[in-house]
Amino acid sequence: MFLFPGQGAQRVDMARELYEHEATFRDAVDRCAEFLRSQLEVDVRSVLYPDAGGRPEAEAAINQTLLTQPSIFVVEYALACLWMAWGIKPSALVGHSVGEYVAAVLSGVFTLEEALGLLASRAKLMQGLPSGSMLAVRKGVAEVEALLPAGAAIAAVNSPSLTTVSGPAEVLNSLQSELESRRIACRLLSTSHAFHSAMMDPIVEPFARLAGEIPRRKPNIPWISTLTGTWMDPETPLEP
Numbered sequence: 000m001f002l003f004p005g006q007g008a009q010r011v012d013m014a015r016e017l018y019e020h021e022a023t024f025r026d027a028v029d030r031c032a033e034f035l036r037s038q039l040e041v042d043v044r045s046v047l048y049p050d051a052g053g054r055p056e057a058e059a060a061i062n063q064t065l066l067t068q069p070s071i072f073v074v075e076y077a078l079a080c081l082w083m084a085w086g087i088k089p090s091a092l093v094g095h096s097v098g099e100y101v102a103a104v105l106s107g108v109f110t111l112e113e114a115l116g117l118l119a120s121r122a123k124l125m126q127g128l129p130s131g132s133m134l135a136v137r138k139g140v141a142e143v144e145a146l147l148p149a150g151a152a153i154a155a156v157n158s159p160s161l162t163t164v165s166g167p168a169e170v171l172n173s174l175q176s177e178l179e180s181r182r183i184a185c186r187l188l189s190t191s192h193a194f195h196s197a198m199m200d201p202i203v204e205p206f207a208r209l210a211g212e213i214p215r216r217k218p219n220i221p222w223i224s225t226l227t228g229t230w231m232d233p234e235t236p237l238e239p
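Read left to right, the sequence shown gives residues 0 to 239 (numbering that gives the first Met the number 0).
Okay, structure coming up:
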């Protein structure tokens with residue numbers, strides 16, 4: 000099974016040595032980057048693999064959702080292409096958030112260009128929303144819910160002892176201080192917005208309209224939906 004993570008996994012120089020030395024990986028990155036350049040008016044390669052002088056700017060840019068999401072997609076897709084070129088074929092696919100778009104392409108539900116176009120539109124819609132933050136907390140959801148301040152929301156239940164919270168940055172900064180005073184381990188994630196929360200609601204309708212314009216195809220590789228927790232079919236919507 001191939002597993003693809005979402006935002007929070009990004010960093011400058013992700014798989015740089017593969018880009019420099021593996022033609023299959025590099026070709027996949029270049030194909031994605033050239034298409035995205037027309038959508039975003041930015042070359043994601045300058046963010047992923049900057050020269051020394053451009054590194055400070057890249058460090059800031061890669062944590063802005065407009066470029067975070069495409070950057071993660073490009074590296075995950077190129078890495079999957081490389082593994083498959085080596086003969087390592089997935090028996091099933093699962094992805095979280097941006098990673099689900101990679102799964103959609105590899106399974107044949109979307110073409111690469113369809114997924115990149117939709118992802119670029121999604122990133123631009125999200126970038127236009129008010130900024131926010133996310134906080135990973137080493138406690139179960141019931142314990143975290145009891146401590147949530149107004150404005151914060153449960154974004155994800157990652158395990159029985161790990162919960163992610165979303166909300167305005169000032170609210171989560173205050174929550175982090177409160178949790179640390181109680182000796183509860185927590186960590187702010189590298190995100191620019193409060194994903195998986197009500198702060199995303201304004202983009203749901205326009206994004207759903209864009210997603211509805213793309214034809215869906217039957218998966219060629221079994222793919223688990225993170226929306227339903229079961230196998231994906233052409234009628235199941237992608238997680239916004």
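Glycine included, each C-beta is placed from N, C-alpha and C at the ideal position.
Whole-angstrom distance between I153 and F72, CA atom to CA atom: If you number the sequence shown from 1, residue 72 lands on position 73. If you number the sequence shown from 1, residue 153 lands on position 154. About 25 Å.
Return helix, strand or coil for R186, following the three-state DSSP convention. Counting from 1 along the sequence shown, the entry for residue 186 is found at position 187. The three-state secondary structure of R186, taken from DSSP, is strand.
Span of the beta strand (DSSP E) around I153: By 1-based counting over the sequence shown, the position of residue 153 is 154. Run containing I153: A152 to S158, per the beta strand (DSSP E) assignment.
Can you list the alpha helix (DSSP H) stretches of 4 or more residues lying completely in the region 104-169, in chain order? Taking only runs of at least 4 residues, the alpha helix (DSSP H) segments lying wholly in the region 104-169 are 111-126 and 140-144.
If the criterion is Cβ atoms closer than 8 Å, does the pair A102 and L118 meet it? Within the sequence shown, the letter at position 103 stands for residue 102. Within the sequence shown, the letter at position 119 stands for residue 118. No. Outside cutoff.
Looking only at C-alpha atoms, which of K138, G166 and T162 sits nearest to P148? As a working mapping, residue 148 is identified with position 149 in the sequence shown. When only C-alpha atoms are compared, the closest one is G166.
Is it the case that the region 78-97 contacts the region 44-56, given that we only count it when at least three CB pairs across the two stretches are under 8 Å? Taking a cut-off of 8 Å for Cβ pairs, the region 44-56 and the region 78-97 do not touch, as fewer than three such pairs fall below it.
Indicate whether Q63 and Q6 have their beta-carbon atoms separated by less than 8 Å. Against the sequence shown, residue 63 aligns to sequence position 64. Against the sequence shown, residue 6 aligns to sequence position 7. No, these two residues do not count as a Cβ contact at 8 Å.
For the pair the region 161-180 and the region 193-201, tell me if three or more CB-CB distances fall below 8 Å. Verdict: yes, contact present.
Go to F3, then tell me how far its beta strand (DSSP E) extends in each direction, as first and last residue. Along the sequence shown, read from residue 1 onward, the residue named residue 3 stands at position 4. Segment F1 to F3, the beta strand (DSSP E) holding F3.
For A8, which residues of its own chain have a beta-carbon under 8 Å away from its beta-carbon, when the five flanking residues on both sides are left out? Here residue 8 refers to the residue found at position 9 of the sequence shown. In its chain, beyond the 5 residues on either side, I71 have a beta carbon closer than 8 Å to the beta carbon of A8.
Three-way DSSP call (helix, strand, coil) for G52 in this model: Against the sequence shown, residue 52 aligns to sequence position 53. Taken through DSSP and simplified to helix, strand or coil, G52 comes out as helix.
Whose CA, out of V136, P159, S158 and S120, lies closest to the CA of A151? Taking the sequence shown and counting its residues from 1, one reaches residue 151 at position 152. The shortest C-alpha separation from A151 is found at V136.
Is there contact between the region 207-220 and the region 170-189, where contact requires at least three CB pairs shorter than 8 Å? Fewer than three beta-carbon pairs drawn from the region 207-220 and the region 170-189 are found closer than 8 Å, and the two stretches are therefore not classed as touching.
Given S96 as reference, the closest of R121, E112 and L105 once Cα atoms are compared: Residue numbering aside, residue 96 sits at position 97 when the sequence shown is read from its first letter. That would be R121, whose Cα lies nearest to the Cα of S96.
Where the beta strand (DSSP E) containing V93 begins and where it ends: Your numbering for residue 93 matches position 94 in the sequence shown. From DSSP, the beta strand (DSSP E) with V93 extends over L92 to G94.
Return the residue from the list G131, A155, L2 and L124 that minimises the CA-CA distance to L65. As a working mapping, residue 65 is identified with position 66 in the sequence shown. Nearest of G131, A155, L2 and L124 to L65, Cα basis: L124.
Cβ atoms of F24 and A14: under 8 Å apart, would you say? Position 15 of the sequence shown, counted from the start, is the residue given in the question as residue 14. Position 25 of the sequence shown, counted from the start, is the residue given in the question as residue 24. A distance below 8 Å separates the beta carbons of A14 and F24.
Would you please state the rounded distance, in angstroms, between the beta carbons of A79 and S130? I believe it to be under 8 Å. Residue mapping note: residue 79 aligns to position 80 of the sequence shown, counting from 1. Residue mapping note: residue 130 aligns to position 131 of the sequence shown, counting from 1. The C-beta distance from A79 to S130 rounds to 31 Å, too long to fall under 8 Å, and the pair is not in contact.
How far does the alpha helix (DSSP H) with M83 in it extend, from its first residue to its last? Within the sequence shown, numbered from 1, the residue matching residue 83 stands at position 84. Segment T64 to A84, the alpha helix (DSSP H) holding M83.
Using alpha carbons as the reference points, say which of E75, L146 and E16 lies closest to I241. No information on residue 241 is available, as it lies outside the stretch 0 to 239 that the chain covers here.
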